[in-house]
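Quick notes on the structure that follows.
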Amino acid sequence: MRENRDHLRSLVAKLCDEELSQQDRDDLNDLLRESPALRREYASLMEVHANLITHSGLPEPDTTLPKSRNQMFVPLAIMGALSLVLLLILPLTEKTEPAPGFVSVIRADDCDWTGRSHPVEGALLGKSKLHLNSGTAVLRFPGGVEITLAGPAELEIKNSVSAILHEGQLYFTNSMAEDETGFTLLTPRGEVLDIGTSYSLKVSPEGSEEIHVDDGMVIRLGDEGGKSTVNAGEAMRWESRGASRSIPFVKKSAYIRAERRAERGKPIAWYSFADQEGYGFTENWAAWGDSEEEGRSIRSEFTSQGFQPAEHAVIAARLKVPIDLREDGVTYFSLQGRIEDAPISQRKFYFAFRESNNPDHKALFTMNTKRRTMGAHLLHSDQDIEGRSNMALALPANGRRFQLAGKIISRADEPDQVFLRVIPEDEPLDVDEPFAWSVVGKRVYTDFRIDLVTLHLGANGQISISDLNFGKTWQSATRPLRK
Amino acid sequence: MEREPSEIITGLLMKHFDGLLRYVISLVGNETDARDIMQETSMALVRKAASYDETRPFVSWACRFAYLETLKFREKSGKQPMLLDDDVLEIMASEQAETLTPSDPGKEALDLCLAKLSALEQRLLILRYRDEVPADEICAELGISRRSVFRQLKEIREKLQVCIKREVSYA
């Protein structure tokens, strides 16, 4: 019997490590057929293997620090197939492709993360487990749900319509829906459904749960079968042993400290073409591309409106701090300008962020006023159509100022992606990144190290560019339009 | 507030997805096939949401669907060799379904047991399971033979198995 058990263990080990031969399969079936005890042994070992596959955290080796559960576990990179809900909501991707993210981190103030996921502002998250030690992060889900997570807290994003608060506190709000949002927040012992609601939720390490409702109504379904309704201005607490009671209501402001900062950092690079000043670039702007033209001063093309060439012109400058798409990160940028009144059937206007050593490697942003399309692309070459995407949308109106704001999400092991948004003159500049982007580029694997900015204008003086900004946060990279 | 049956099933499915996936992995032996089967299972469960009796345990009900989808998957795969013979699969599926519990105590126990492993053992698991590094690259990174990698992984899984059993029995 002992011999059979050892043999079974060897076979399971081979199975787990994909080394099982046909003979091994036959042996395995014979053993499992033979004995209930061996079947239990097989099930138990496979349970460990499958648990390691599906587990949302594996420890990072650490021999020096005392082991605390929260600090020791990191979200697992294995995402694999998504639940049905996700399949219905998100476009299907190739099996080998990592699943696209669907939750935007629209703010990450003083965040100290532990574990594998250390999202910065602007990052797109998929199914993942977040361990926030301290600080405040605001996560925006599709459909308008925003969750403000206040550290210390542990939140698991299951899919675009559900998450689990394992521990800690959060503030839930939905600015879009007046009725049921269809979003489910799970806790270790229950399920929270909101109806056009803003509420605070707290899960203590001891297992008790609290809900304080600011607006609307919340329904909590307990695992034990209980159903509770909490209305606006009310609060309830559920003890770990199941007893529940009303408690004094505490407003969000006293519960989650998530006030927006007045100052969100300055741009990492900035240039005003109107004032001809800025920083973060290694040299002055000069003509680019044509060997005879390259390096030529373009100061004569500058007007009080900014860069406004009378003929087709391409100018370039190098960034002091490159944008490294080989690393995880987010870079925001914005470009301000103005389109003149004259009806022009075709204007050429695009800009690109390139590798100076290999300028074909680029993030390219285009605007075609004739076709009324825009593009946001990551390209390995001009011939390379992979990663191109164009969408029709309302372009900036003639005779008006505009801001084109975008972001570049770089990932070490996953595809990179670019986004672009037109902010017209009459649209107020929000303090957070936009809910929807005008153009979303395709996800493309790149290892670019962008250090060159090129602006291409062929509008016969009909378009002027006044300002260019790069920043690590939305607020640092965008600014109200010049008057 | 009355919830639609499909909403109820979707919520339960999200909660128990990992447990069901582990059940299917034990039947087919590999993660890729198991995830394909779970995809079909998820859709079948939502389609049949109206027939779910809320007074009955969800996991047992869902396991039945997962088993049927496993059979369909095997049929579609034609002559490709399957891990388990039909008769063994049937026994395993029914015995396994009985042992699955909604609370999933093994998951918490795994957390505790993983923390008890040595730094090297943890590193090996991270490479194998989290980073999905091929065995040959693990050999190169850790400077040990291929055989040694497999032997150590086997020992770690068996160590975890014992530890989890102990933790669950204490709970």
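In order, the protein sequence lines correspond to chains B and E. So the number in my numbering is just where the residue sits in the first sequence, counting from 1, plus 68. So the number in my numbering is just where the residue sits in the second sequence, counting from 1, plus 354. Every residue, glycine too, gets a C-beta built ideally from N, C-alpha and C.
- A contact between stretches requires three or more CB pairs, one per stretch, nearer than 8 Å, and the region 97-106 of chain B fails this requirement with the region 459-469 of chain E.
- Secondary structure at Leu466 of chain E: helix, using DSSP grouped into helix, strand and coil.
- Around the beta carbon of Ile366 of chain B, 16 or more other beta carbons sit within 10 angstroms, so the residue counts as buried.
- Taking the beta carbon of Val442 of chain E as reference, the chain B residues within 8 Å of it are Asn97, Leu100, Arg101, listed in sequence order.
- Residue burial annotation: Gln434 of chain E is exposed, with fewer than 16 other C-beta atoms found within 10 angstroms of its C-beta.
- When the beta-carbon positions are compared, Gly509 of chain B and Phe487 of chain B come within less than 8 Å of each other.
- Val522 of chain E sits exposed, since fewer than 16 C-beta atoms from the chains shown fall within 10 Å of its C-beta.
- In the DSSP assignment, Arg313 of chain B is bridged to B:Arg305.
- Listed along the chain, the chain B residues whose CB falls inside 9 Å of the CB of Glu449 of chain E are Pro104, Arg107, Arg108, Ala111.
- In terms of Cα proximity to Asp74 of chain B, the closest of B:Ser89, B:Asp95, B:Asp85 is B:Asp95.
- Interface annotation for the region 174-197 of chain B against chain E: empty, criterion Cβ-Cβ distance under 7 Å.
- Arg208 of chain B has its alpha-carbon roughly 11 Å from the corresponding atom of Val229 of chain B.
- Distance from the CA of Lys226 of chain B to the CA of Phe317 of chain B, rounded to the nearest whole angstrom, comes to 29 Å.
- When rounded, the separation of the alpha-carbon atoms in Asp490 of chain E and His117 of chain B is 20 Å.
- Your pair Leu520 of chain B and Glu423 of chain B checks out as a contact, with CB atoms roughly 7 Å apart and the cut at 8 Å.
- In the structure shown, His445 of chain B falls within a strand segment according to DSSP collapsed to helix, strand and coil.
- Ala473 of chain B and Leu497 of chain B have their C-alpha atoms spaced approximately 10 Å apart.
- Membership of Glu222 of chain B in the beta strand (DSSP E) is indicated by the continuous run 213-227.
- Three or more pairs of CB atoms, one per stretch, sit closer than 8 Å, so the region 379-393 of chain B contacts the region 340-354 of chain B.
- In terms of beta-carbon proximity, Met304 of chain B stays away from the interface with chain E, with every pair separated by 8 Å or more.
- Nearest to Arg406 of chain B by C-alpha distance, out of B:Phe417, B:Arg517, B:Ser532, is B:Ser532.
- Residue B:Pro502 holds the alpha-carbon nearest to the alpha-carbon of Trp542 of chain B among B:Leu217, B:Pro502, B:Arg550.
- Of the candidates B:Gly284, B:Ile232, B:Asp262, the residue whose Cα lies closest to the Cα of Val271 of chain B is B:Ile232.
- Contact of Gly432 of chain E with chain B is not assigned, every C-beta pair being separated by 8 Å or more.
- For the options B:Glu493, B:Arg175, B:Val298, B:Gly194, the alpha carbon positioned closest to that of Ala218 of chain B is the one of B:Arg175.
- DSSP places Gln237 of chain B in the strand class (E or B) of the three-state scheme.
- Look at Val400 of chain E here: in three-state DSSP terms it is helix.
- For the 8 Å CB-CB criterion, Thr546 of chain B and Phe419 of chain B do not form a contact.
- Distance between Gly310 of chain B and Gly293 of chain B, taken at the CA atoms: about 10 Å.
- Leu446 of chain B is outside the set of residues whose beta carbon lies under 8 Å from a beta carbon in chain E.
- The shortest CA-to-CA distance from Pro273 of chain B to any of B:Phe170, B:Gly284, B:Arg257 is the one to B:Arg257.
- At a cut-off of 8 Å between beta-carbon atoms, Ser380 of chain E makes contact with chain B.
- The contact set of Gln515 of chain E on chain B, defined by CB atoms closer than 7 Å, consists of Ser112, Leu113, Val116 in chain order.
- Counting every other CB atom within 10 Å of its CB across the protein chains shown gives His234 of chain B a total of 16 or more, marking it as buried.
- Every unbroken stretch of the beta strand (DSSP E) spanning 3 or more residues and falling wholly within the region 495-547 of chain B is given here in chain order: 517-526, 531-539.
- Rounded to whole angstroms, the separation of the alpha carbons of Ala191 of chain B and Gly357 of chain B is 33 Å.
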